[in-house]
Structure formats: structure tokens, C-alpha cells
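Novice:
Residue numbers (the numbering used here): 19 to 611.
(1) In the DSSP output, which residue or residues are listed as bridge partners for residue 64?
(2) Let's see if you can read the secondary structure: which residues bound the beta strand (DSSP E) around residue 670?
(3) Under DSSP, the beta strand (DSSP E) around residue 292 begins and ends at which residues?
(4) So residue 321 and residue 339 are supposed to be a Cβ contact under 8 Å. How far apart are they, rounded?
(5) With DSSP collapsed to three states, give me the class of residue 342.
(6) Counting pairs of beta carbons, one from the region 47 to 54 and one from the region 67 to 79, are three or more of them closer than 8 Å?
(7) Please return the same chain residues whose Cβ sits closer than 7 Å to the Cβ of residue 507, not counting the five positions on each side in sequence.
(8) The alpha helix (DSSP H) with residue 232 in it runs from where to where?
(9) Please list, in chain order, all residues of the same chain as residue 137 whose beta carbon is under 6 Å from its beta carbon, the five residues on each side excluded.
(10) Extract the residue ranges of the beta strand (DSSP E) inside the region 483 to 545, only unbroken runs of 3 or more that lie entirely within it.
(11) Ignore the nearest five residues each way along the sequence and tell me which others in residue 475's own chain have a CB closer than 7 Å to its CB.
(12) Within the region 400 to 455, note down every full beta strand (DSSP E) run reaching 3 residues or more, in order along the chain.
(13) So, are the CB atoms of residue 175 and residue 105 less than 8 Å apart?
(14) Given that a residue counts as buried once 16 or more other Cβ atoms are within 10 Å of its Cβ, and exposed if not, what is residue 464?
(15) Is the region 426 to 438 touching the region 482 to 494, taking contact as three or more C-beta pairs under 8 Å?
(16) For residue 375, collect the residues of the same chain with a Cβ closer than 6 Å to its Cβ; drop the 5 residues on either side in sequence, then sort them by chain order.
(17) What residue from 293, 325, 301 and 324 has the CA that sits closest to residue 314's CA?
(18) Where does the unbroken beta strand (DSSP E) through residue 334 begin, and where does it stop?
(19) Following the continuous alpha helix (DSSP H) through residue 183, name the residue where it begins and the one where it ends.
(20) For the alpha helix (DSSP H) containing residue 238, list its first residue and its last residue.
(21) What do you reckon, are the CB atoms on residue 391 and residue 401 nearer than 8 Å?
(22) Quick one: what's got a C-beta closer than 7 Å to residue 27's C-beta in the same chain, skipping five residues either side?
(23) Do you know whose CA, among 460, 304 and 280, lies nearest residue 429's CA?
(24) On the CB-based measure, 16 or more other CB atoms within 10 Å of its CB, does residue 83 come out buried or exposed?
(25) Would you kindly work out how many angstroms separate the C-alpha atoms of residue 334 and residue 552, rounded to a whole number?
(26) For residue 205, which residues does DSSP report across the bridge?
(27) Measuring straight from C-alpha to C-alpha, what distance separates residue 473 and residue 47?
(28) Given a cut-off of 8 Å on the beta-carbon distance, is the pair residue 586 and residue 310 in contact?
(29) State yes or no: is the C-beta of residue 336 within less than 8 Å of the C-beta of residue 214?
(30) Classify residue 462 as helix, strand or coil using the three-state DSSP reduction.
(31) When the Cα of residue 286 is compared with those of 366, 423, 261 and 264, which residue comes out closest?
(32) Decide if residue 415 is buried, meaning its Cβ has at least 16 other Cβ atoms within 10 Å, or exposed.
(33) Helix, strand or coil for residue 100? Go by DSSP, reduced to three states.
(34) Tell me the rounded alpha-carbon separation between residue 361 and residue 248.
(35) Between which two residues does the alpha helix (DSSP H) holding residue 286 run?
(36) Please list, in chain order, all residues of the same chain as residue 244 whose beta carbon is under 7 Å from its beta carbon, the five residues on each side excluded.
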């Protein structure tokens, strides 16, 4: 039997589980693992500047392609605690990532040794499993189980904590005969799907709410086929955006308090039946449940049995992987169509597209300083349907989701449930690492950008090009807007007069100099008429220099973005709505008034 260190066995398992990339920061307690990583070869490593950044890079990497599992690595103590935010983000959005940490020697873990923290206990609430491996012989089994857990049921992250003496201990392990464990995923039965379709067919104005579980299951094409077979309009959730193209005739628009379309909410409020697949009824999607549920029946399909009924009780629930369920939905729908037993939904579907053409927000403004809506209009012109957008939270993300267009699954990569500031830069680097051939465009407000901007240097060092659109109003814009309810404007303004850049006025941080200092390229735009040329130049610079390129748009200080504080029937349109076609020139459908 071959003998090797437990650390080397772990690396060999990673390779046989399909891992080709890892992100991390070495340190004393994880150096034996890094030695094994170097000795084994076959796994490319990206050196992060912050360990939290490494966890978000792993997330971005996972979210880019079906089957990817991002790996992040750190040393003992603060490295693990720094990655807790990444683990929280991953479990909230059902994203499998593997976090590997070093640990003090087993003999001193409970003796306040340097950087010895019980990271497994800290991580347990935000992982599917978190284990400190105390016996070297258990390392292969723990890693094998980790991949089994990450892929089984509702996907999610796992943390493995390796004491340094465990890493160094030699064990017997044969990599050549290693086999991954098969993943378990619940599957719907034909009887369950037939009952759900009976309920759908009894309705007059049904909708499908398509969630991120469909993307996780790589089942977007099946969803589109099922919608087309039954003629049922589709509402993608924020995490499911891109399952079917925005310009598809059955795309009814997004619904919610914030990241929603006017026509999406209006279409939903006209419905009488909702089939939710792979979604979790997130509160910013539903708003007040009495408004959301009144007058309509619900069927909920989810891979996690305990998710059904967690937010509200559906009329019927099915515990199933989205792909397994949709394969049956398509099969039964084909049979019903062939037998002439599917109702004609043409008028209902057409009505959703009428609202799509009538209910739009204005994007075309010529103001200087510019309004953010114009930035998204110019992004629609500059970046095509192949673009992978990456963003996290804030007014920039909310407005972007209202006004940008997405045409493919995994082309809107958004941290949904956790929404940590600083997520965007490292996640974009992970996405661009996973798919270096596809254009990647990140979107940040100034505060999200400042949280982890040191990770730009990772893109410069490792030659990871992408374009980063930075909308700067020197405000915590979303928090400022929320503070209106308390009649305050407190500790949310970021302006100051930068003594080294007086030309910025009160906009404070010179992001261009900072980005250039980190080895990247940057362009500042103050006039909206110059945005298009700036985006084109950014694409050229990224291709030429193979580094991140920042396009900073200087915005008006205060813009209130459309949203509701309570329910989907009462969204406040703070800014002008579109009343003539020139107001929304890049809308999916030409405005009809």
C-alpha cells in the first residue's frame, strides 16, 4: 500500500474529486498542506490578499459552471474566522465550497496555543459539516464525505480543519483506487408531478417561479421546455435570473420589493396559481405574505424537505431535486399535450408581455453629475448577452437588477442571502478564473468596492482580466434610503475633500489612483455621454494588459431607487417612470404608452 502524509492524501483526493483550482493564503499551520499541493501538482493556486477574499473567490468559481466546487485554504486562527463570511454566504445561497484550515497540534488545541481556535464549532451553523480531524487515518474519509455532503441534497459548504501534526503524519492510502461517493438527491414521483400538473391545469393564470435550485441542478433547459409546453409564463427569482432569457416571450419579469420589474410585480398580482421550483420564498421576493399569497394557490418543489412550509404552507409540496422533478414535468406535459389535454395559455401569456411593454422605468437621463439609471442603459449597449455579471448588494445591485438584461443561466452571479459588502471583487476574480473566455463585468457601489479592493492586486498578479463598473456617489446609498423611515441621515455619507485629489471635490477616495497602485487600469467618467467610449476602452485595456479595469462613474449624490418597504403591491417609484420610448431605449420591449 502506498504511504504518504495525510496532507498529500487530501490533495490527491481533491484532484480525484475534480478540483483543478484553489484560492488561499498559506501560513505556518497549513504549510504542510501547501507542500503537498506543490508536490502533487495538478491544482492551480491563486494567492489572495485576504482570506475572506479567498472564500468569495471560491464562491465565484463554484457559481460559474455546473459541477464546480471552489476550494479556499487558510492557516489556523484568524484565517478560519475570516472565512466564516464566505461560508455564511455559500450556505445561504446553496453553494458548495470546501474550506480547509490549518490548526495547532492536537496536543495543545485546548491549551490556548497561538492561533488555536475551535473553528469547527464556530463554522457549524454556516456549513453542512465542520470537522477538526484528530486522527490522520481519518483524513481520506473526512474529505470523501465532504464532497458527498456538498453534492447531496441541498448543496452547501463544508469546513475541514487539519492540525499540523495530523497533516504531517504518514498514512497508508492508494489514490489510484479512490472513488468519489455517489451523491444523494431526492426525486419526485410521477404521481406527485401528475397532481401538481392537475392543479396547474385547473388554474386560469398560472406562473412558474424559477429559483436558483434550477441553476444548481443544471436544469434550465428543462424549465424552458416545460414552460413552452404548457405555455406558462415564468418569474425568475434573483438567484434564478437567466434561467430563461429576458427577451423570451414567457419571461414575465422579476418580482419583489427591490430587485423587481414593474411589470413583474403586476403580472404576479394578476396570477391565480404559482408553481415554485428550486426557490425559497425569500422575504425580499415575497414581501408581506398576505399580499403575496392572497387569491392564488401554490405548489412548491424543493430539494430540501424542511424548506417546504418554512415560509408559508403551500397547497402541495414535493421534495425533489429540480432536475429530477423537471424531467418528469416535461415527460407528463408532453403526454398531456399529445392527448390535447393542456389548456391554451396564449391570451394569459400575451397579457404578461403587454405589461412588459407598458410598465417600464426611465433610464435615459443626461444629467451631470449623472443618474445611475443612465449607467445601466449604457452597460446594456456595451456588454452583450455573453456577459457574466457579478455583484453583491446595495443600490447599485438593486438598480442593476431592475435595468440590466440577462440571457443565460450563471450570467448573473449575485450573493443573495448574505449580501456582504466587499464580495464583488474577489467573486469576480473567481468567476473569471473559472471562465477566462467569457466577458466578466462586476458592478459595485463605492463602499462595496472599498471593502476588499486589495484583491484587485490578485487580478494584476495572476493576470485575471475583467471590467469593474464602479458607481460612486460617496454614500452608503441603500442605508441612507432606508434611514428615511427614521428621519435621519446619519453616518452614511462618505464624502471628504481629498487633499491629494482636489479635482474630486467631496467624492473623497481617488479610486483611479488606488486601482492603478494595485497594478490595474482605471477610467473615471463624469459625463454620461462618455460612458459608452469608456466601456469600450475598458474592454480593450483588459484584453491588452490582462488585468482588472475599473470604470468609475461619478453619480449625483442622492438617488432613491424604486423599492417597497412592505409588499409587492406598493413599490415606491421615486424617480420618473418611462412615458415615451426615448426614456428607456434599451428596454427589452419598446415602450407602449
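Ideal Cβ placement from N, Cα and C applies to all residues, glycine included.
Given the structure is predicted, the values throughout are model-derived calculations rather than measurements.
Specialist: On the basis of the coordinates in this document:
(1) 41
(2) In the structure displayed, the chain extends from 19 to 611; residue 670 sits before or after that span and is not available.
(3) 291 to 295
(4) 5 Å
(5) When DSSP states are grouped into helix, strand and coil, residue 342 belongs to the helix group.
(6) no
(7) 498 and 501
(8) 230 to 234 is the extent of the alpha helix (DSSP H) around residue 232.
(9) Around residue 137: 98, 119 and 179.
(10) 485 to 490 and 539 to 543
(11) Cβ neighbours of residue 475 within its own chain (closer than 7 Å, five residues either side excluded): 67, 536 and 537.
(12) 406 to 409 and 430 to 432
(13) Against a cut-off of 8 Å, the Cβ pair of residue 105 and residue 175 comes out as a contact.
(14) buried
(15) no
(16) 607 and 610
(17) 293
(18) Start and end: 334 to 337.
(19) Residue 183 -> alpha helix (DSSP H) spans 182 to 186.
(20) 238 to 248
(21) In this structure, residue 401 does not lie closer than 8 Å to residue 391 by Cβ.
(22) Spatial neighbours of residue 27 in its own chain (CB-CB distance under 7 Å, excluding positions within 5 residues in sequence) are listed in chain order as 157, 158, 189 and 191.
(23) 460
(24) exposed
(25) 51 Å
(26) Answer is none; residue 205 lacks a bridge partner.
(27) 23 Å
(28) yes
(29) yes
(30) In this structure, residue 462 counts as strand in the three-state DSSP scheme.
(31) 366
(32) buried
(33) helix
(34) For residue 361 and residue 248, the distance between alpha carbons rounds to 8 Å.
(35) 280 to 287
(36) 344, 347, 348 and 351
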